[in-house]
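S.K.: Chains as they are written, first to last, in my numbering: chain D, 425 to 571; chain H, 95 to 257.
Where is the CB? At the ideal position from N, CA and C, for every residue including glycine.
Please find one structure pasted underneath; my questions will follow.
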Amino acid sequence: MIAHRRPSGFPLTLAAVVSAVAIPLGLGPTSTAQAFWSGSGAGSGAGATTTMPTGTAPSGSAESNAVTISFSVAHMANGTAVAGYEVSRYNAPGTQVTVNSACSGVITTTTCTEQSVPAGTWYYTVTPVQGHWTGGQSPKSAPISVA
Amino acid sequence: MPRRTLQSAMIALLVGAICTAGWIDSAASPRSAVLVGHGSSLERAPGAASAPGAASPRTITLTFSIAGKVSGLFPGKTLPLVLTLGNPNKRTINVWTVITTVENATSTCAAKNVSVTEFSGHHTVDAGRTGKVTVRVTMKTSTPNSCEGKSFPFHYTGKATEA
């Protein structure tokens with residue numbers, strides 16, 4: 425009978441050493457060192473624009489050849505007041521004519537006085553302006569007579 | 095050679111081999127997780143090339159959601175856009191960039207009329223929670239009337255790292 429002497433302690437020692445070294449290094453079965461993270465964030469949304477208002481019909485009065493008109497503040501749909509207004513003047517037949525200084529171009533107030541208005545009957549409108557946007561033109565004012 | 099000496103020599107060789115493997119591994123795959131790339135799927139992280147013959151690394155794909163809307167834009171206006179970051183994962187993440195792409199609202203209302211700032215920084219979102227970051231949306235003063243009452247689709251992409 426041949427007696428084989430078992431290499432006592434070898435397998436146990438080997439396992440202990442492997443575990444003692446491998447686990448701290450992150451090589452064990454629960455390690456994340458072999459995990460590579462990949463991913464991204466994604467989604468969608470929108471940027472909605474508001475809408476422009478229509479101007480309110482101005483009221484006015486004449487004194488000599490100066491006509492003063494005034495109107496209400498116009499607000500966009502989001503509640504913000506517009507930055508400016510364009511004033512227009514029409515004669516009795518309804519033809520638009522050039523507005524003189526103080527009311528010409530884009531004004532940022534709700535009142536203005538047009539100078540050197542010729543004698544006649546005139547009608548005014550205002551159109552809200554915001555940047556390159558223009559709102560709806562107001563109805564015409566009541567007739568304003570300049571003597 | 096005595097058996098015990100042989101045993102000691104083999105253990106020493108084994109320990110050396112494991113230490114070397116560990117050093118190579120840690121150099122090739124840093125512990126800090128990196129979440130990169132939009133739409134990437136099962137893609138290995140940068141610098142994660144494995145050595146020939148090495149076992150394939152485990153790839154974990156994480157995603158997080160980005161959502162947010164703004165309304166009330168008009169020419170010349172800048173508005174805050176609050177983005178909600180949703181982290182459905184079991185790990186906390188640090189979001190460090192969110193980029194917004196704007197699409198045309200209509201054929202006559204081009205995307206170029208709107209710009210959105212990029213979020214850049216570190217915003218921590220806990221696992222299973224949401225976080226918020228704010229960017230700014232600006233509409234050009236020269237935006238045409240054709241953009242009135244329209245909606246620009248926004249698409250968000252973001253990157254993060256594991257916290």
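Please check if any C-beta of chain D sits within less than 7 Å of the C-beta of I193(H).
M.R.: Numbered from its first residue, the second sequence carries residue 193(H) at position 99. By this cut-off, I193(H) is not an interface position.
S.K.: Per DSSP, which residues does F213(H) bridge with? Please list them.
M.R.: Here residue 213(H) corresponds to residue number 119 of the second sequence, with the count starting at 1. Beta-bridge pairing links F213(H) to V192(H).
S.K.: Just to confirm the assignment, what range does the beta strand (DSSP E) spanning K226(H) have?
M.R.: Position 132 of the second sequence, counting from 1, holds the residue named residue 226(H). Counting along the chain, the beta strand (DSSP E) containing K226(H) begins and ends at 224-233.
S.K.: With a cut-off of 8 Å on the beta carbons, I'd call V192(H) and F213(H) a contact; round off their distance for me.
M.R.: By 1-based counting over the second sequence, the position of residue 192(H) is 98. By 1-based counting over the second sequence, the position of residue 213(H) is 119. Confirmed, about 4 Å.
S.K.: Counting only beta-carbon atoms, is G572(D) nearer than 7 Å to chain H?
M.R.: No answer is possible for residue 572(D): it lies beyond the span of chain D, which begins at 425 and ends at 571.
S.K.: Can you pull the chain H neighbours of T558(D), defined as C-beta to C-beta under 7 Å?
M.R.: Against the first sequence, residue 558(D) aligns to sequence position 134. The answer, in chain order, is N239.
S.K.: Could you pull the DSSP bridge partners for C536(D) from this structure?
M.R.: Within the first sequence, numbered from 1, the residue matching residue 536(D) stands at position 112. BP columns for C536(D) point to I493(D).
S.K.: Is it the case that the region 233-250 of chain H contacts the region 551-558 of chain D, given that we only count it when at least three CB pairs across the two stretches are under 8 Å?
M.R.: yes
S.K.: Label E242(H) either buried or exposed according to how many other C-beta atoms from any shown protein chain fall within 10 Å of its C-beta, with 16 as the threshold for buried.
M.R.: Taking the first residue of the second sequence as 1, we reach residue 242(H) at position 148. Classification for E242(H): buried.
S.K.: The beta strand (DSSP E) with Q554(D) in it runs from where to where?
M.R.: Here residue 554(D) refers to the residue found at position 130 of the first sequence. Per DSSP, Q554(D) belongs to the beta strand (DSSP E) from 544-554.
S.K.: Quick one: Cα of T228(H) to Cα of P169(H), how far?
M.R.: Here residue 228(H) refers to the residue found at position 134 when the second sequence is read from its first residue. Here residue 169(H) refers to the residue found at position 75 when the second sequence is read from its first residue. Cα to Cα, T228(H) sits roughly 21 Å from P169(H).
S.K.: Tell me the DSSP secondary structure of K564(D) in three-state form.
M.R.: Stepping through the first sequence from its first residue, residue 564(D) is reached at position 140. Residue state, collapsed to three classes: coil.
S.K.: To the nearest whole angstrom, what separates the beta carbons of L177(H) and A161(H), a pair I think is in contact under 8 Å?
M.R.: Mapped onto the second sequence, residue 177(H) falls at position 83. Mapped onto the second sequence, residue 161(H) falls at position 67. About 7 Å separates the two Cβ atoms, so the contact holds.
S.K.: Looking at the C-beta of I531(D), does it have a partner C-beta in chain H at a distance below 7 Å?
M.R.: By one-based count along the first sequence, residue 531(D) stands at place 107. So no, I531(D) is outside the interface.
S.K.: Applying the 10 Å Cβ sphere with the 16-neighbour rule, what's the burial state of P542(D)?
M.R.: Within the first sequence, residue 542(D) is the residue found at index 118, counting from 1. It counts as exposed.
S.K.: In whole angstroms, give me the CA-to-CA distance for T494(D) and A507(D).
M.R.: As a first step, residue 494(D) is located in the first sequence; it is residue number 70 there, counting from the start. As a first step, residue 507(D) is located in the first sequence; it is residue number 83 there, counting from the start. The question names Thr, but residue 494(D) in the sequence shown is Ser. The alpha-carbon atoms of S494(D) and A507(D) are separated by roughly 16 Å.
S.K.: Does the beta-carbon distance from V511(D) to V521(D) come in below 7 Å?
M.R.: What you label residue 511(D) is simply residue 87 of the first sequence in a count that begins at 1. What you label residue 521(D) is simply residue 97 of the first sequence in a count that begins at 1. Their beta carbons are not under 7 Å apart, which means V511(D) does not touch V521(D) by this criterion.
S.K.: Closest by CA to I568(D), which one among V550(D), G479(D), S485(D), G469(D)?
M.R.: Numbered from 1 along the first sequence, position 144 holds the residue referred to as residue 568(D). For the residues V550(D), G479(D), S485(D), G469(D), the minimum Cα distance to I568(D) belongs to S485(D).
S.K.: Measuring straight from C-alpha to C-alpha, what distance separates S488(D) and K163(H)?
M.R.: Translated into the one-based positions of the first sequence, residue 488(D) becomes position 64. Translated into the one-based positions of the second sequence, residue 163(H) becomes position 69. Between S488(D) and K163(H), the C-alpha separation is close to 54 Å.
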